[in-house]
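Visitor: Before I ask anything, here is the structure I am working with.
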Amino acid sequence: MIALAAALAAAGTLLALSPGGSEPAGPPQPRTVEQVWPDAKRASIPGVLPDGTPYSPAYLLDESTSIGTATDPRGTVLRLVLRDAAGAVRELRRLPVGGSPQYSGFTRAGDEVAWAESVTTDFGAARTEMWIASVAGGTPRKITGDTGDVVFFNSQYDMVIDANRLYWVAVAPGQDQVTEVRSVPLAGGEVTVRTEPGAWALSAWPWLVSAGSGQSGPVELRDLGTGKVTTVPAAATELVTCSPTWCRVLVLAGDGPSRIDLMRPDGTDRRPIADGAATASVIDVALLDRFEVLSQGTDLTTQRLLLYDLRSKQSAIVAGSAGMVLCRGGLLWWSTGAAQAPEWHTLDLRSLT
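Each residue of the sequence shown is one higher than the last, beginning at 27 in our numbering.
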């Protein structure tokens, strides 16, 4: 089973003109990323390959180079391709569309990128395999097909590489509240399985975090190396999502959210970062231990994209209108335009100094 968790959009607030037709009421608007960080690394990626097929980037290697998916021109297979800054395309894998294929869980170590491939068999069951390829060239190879009942959350930590091993989590057979932490050498070989009571997701290695964003009980963090467990303090009206260093707190009031706070997992250093009109655009908290990606707007398909900086304690506008939003490894990208033929835009958060 592959479960993908996605952020929801929320309604924004319009500013009214004063009776004299002067400046809009309310606080000043945030500056743009270009104004705050004029030297930021940015790029655009066309949403169509040279052969005319729609292209969707699933993982960025830098602001201009990506790995993503596209069908073949006949629409019979879903391809995984690497597209460089010049637009050249290298096919990595292809799977028949009849099996409802998915490529997910991308993670990188040096020149190697690993991912998961999932297809539906003729009997209706899902089969998942782990693959790896060098970005420099060569033929991709399967690491393992012994993946268990895989669970993904659309997080950059769905799969993690540490000390030449690939890690992911799965649901223990017949036990919804027991998590398997599985790993395998990048070179392939026997899969090691470690069981942990509870429902967990991988976070920055070697941490696990409670799955479910605080909706089914207290949020905990567990260090797989030391066994240390941190229980995050939260009120009954708060939904909490954590990394090992920061937690995002959605504070509820009445029929909906009233604001978003950030705090340390022990409850200290708490600060409000947005009102109830904003939502988190990605599931991961405090990217690079510094940035929160937020959306605001009145349309569920296009939102104003904002970046909150923990250093300056201010937000900057990334895009006035954005569709899909993703971030992995400090690289942020989003779509604009029609869903059938979007344009993709990238921002390297690591360049925001």
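Here a beta-carbon is modelled for each residue, glycine too, at the ideal position from N, C-alpha and C.
Note that the coordinates shown come from a computational prediction; the quantities given were computed from them, not determined experimentally.
1. If you pair each beta-carbon of the stretch 125 to 133 with each one of the stretch 107 to 117, do three or more pairs fall below 8 Å?
2. Between the alpha carbons of Ser-361 and Glu-369, how many angstroms are there, rounded?
3. Which class does Arg-100 belong to by DSSP, given the choice of helix, strand or coil?
4. Shortest alpha-carbon distance to Glu-216 belongs to which of Pro-166, Thr-205 and Met-156?
5. Straight-line CA distance for Leu-212 to Thr-133?
6. Counting only runs of 3+ residues fully inside the stretch 178 to 259, write out the beta strand (DSSP E) ranges in chain order.
7. Work out the CA separation of Ala-261 and Thr-252 for me, nearest whole Å.
8. What does DSSP give as the partner residue(s) for Glu-89 in the beta ladder?
9. Use the C-beta contact count for Arg-167: other C-beta atoms within 10 angstroms, 16 or more gives buried, fewer gives exposed.
10. Is it right to say Glu-318 is buried, meaning 16 or more other beta carbons lie within 10 angstroms of its own, or is it exposed?
11. Measure from the alpha carbon of Val-275 to the alpha carbon of each residue in Gly-78, Asp-88 and Ile-299, then state which is nearest.
12. To which residues of the same chain is Ser-377 closer than 6 Å at the C-beta, ignoring the five residues directly before and after it?
13. Alpha carbons only, please: which of Arg-297, Arg-153, Val-139 and Gly-200 is nearest the one belonging to Met-185?
14. Whole angstroms are fine: how far does the CA of Ser-269 sit from the CA of Pro-291?
15. Going by DSSP, what residues sit across from Met-156 in a beta bridge?
16. Name the residue from Thr-79, Glu-89, Tyr-85 and Ser-92 whose alpha carbon lies nearest to the alpha carbon of Leu-104.
17. Alpha helix (DSSP H) containing Val-396: first to last residue?
18. Beta strand (DSSP E) containing Leu-19: first to last residue?
19. How long is the line joining the alpha carbons of Val-197 and Val-177, rounded to whole angstroms?
20. In terms of residue numbering, what span does the beta strand (DSSP E) encompassing Arg-330 cover?
21. Note down, in chain order, each residue of its chain lying with its Cβ closer than 7 Å to the Cβ of Ala-230, except the 5 sequence neighbours on either side.
22. Go through its chain and collect everything with a Cβ distance to Ser-160's Cβ below 7 Å, but skip five positions before and after it.
23. Between the C-alpha atoms of Gly-374 and Gln-61, what's the straight-line distance to the nearest angstrom?
24. By the 10 Å Cβ neighbour count, where 16 or more other Cβ atoms means buried, how is Pro-244 classified, buried or exposed?
25. Let's see if you can read the secondary structure: which residues bound the beta strand (DSSP E) around Phe-317?
26. Quick one: residues in its chain with C-beta nearer than 6 Å to the C-beta of Thr-218, no 5 flanking neighbours on either side, listed in chain order?
27. Flag this pair as yes or no: are the beta carbons of Leu-278 and Thr-267 separated by less than 7 Å?
28. My output table needs one value for Ala-342: the three-state DSSP class, helix, strand or coil.
29. With DSSP as the reference, label Ser-126 as helix, strand or coil.
30. Shortest alpha-carbon distance to Met-350 belongs to which of Asp-175, Lys-254 and Gly-363?
31. Opposite Gly-94 in the DSSP bridges: which residues?
32. So what does DSSP say about Arg-354, is it helix, strand or coil?
33. Looking only at its chain, what residues have a beta carbon closer than 7 Å to the beta carbon of Gln-55, apart from the 5 residues adjacent to it on each side?
34. Tell me which residues share the same chain as Gly-346 and place their Cβ nearer than 7 Å to its Cβ, disregarding the 5 neighbours each side in the sequence.
35. So, is Pro-122 buried or exposed, given that buried needs 16 or more other C-beta atoms within 10 angstroms?
Guide: Let me lay it out:
1. no
2. 6 Å
3. Here Arg-100 sits in coil by DSSP.
4. Met-156
5. 12 Å
6. 186 to 188, 191 to 198, 201 to 211, 218 to 223, 226 to 228, 233 to 236, 246 to 249 and 255 to 257
7. 28 Å
8. None; Glu-89 has no bridge partner.
9. exposed
10. buried
11. From the listed residues Gly-78, Asp-88 and Ile-299, the smallest Cα separation to Val-275 is found for Ile-299.
12. Ala-66 and Lys-67
13. Ranking Arg-297, Arg-153, Val-139 and Gly-200 by Cα distance to Met-185 puts Val-139 first.
14. 8 Å
15. Assignment of beta-bridge partners to Met-156 by DSSP yields Ala-142 and Thr-170.
16. Of the listed residues, the one whose Cα sits closest to Leu-104 is Thr-79.
17. Here the chain has residues from 27 to 379 only, and residue 396 is not among them.
18. The question about residue 19 has no answer here: the residues shown for the chain are numbered 27 through 379.
19. 7 Å
20. 329 to 335
21. Tyr-183, Ser-269 and Pro-270
22. Apart from sequence neighbours up to five positions away, the residues of its chain that approach Ser-160 with a beta-carbon distance below 7 Å are Asp-137 and Glu-138, ordered along the chain.
23. The question names Gly, but residue 374 is Asp in the sequence shown. If I take the Cα positions, the gap works out to 15 Å.
24. Classification of Pro-244: exposed, given that the 10 Å Cβ count is below 16.
25. 317 to 322
26. Ser-209
27. no
28. strand
29. coil
30. For the residues Asp-175, Lys-254 and Gly-363, the minimum Cα distance to Met-350 belongs to Gly-363.
31. Pro-83 and Val-107
32. strand
33. none
34. Arg-330
35. exposed
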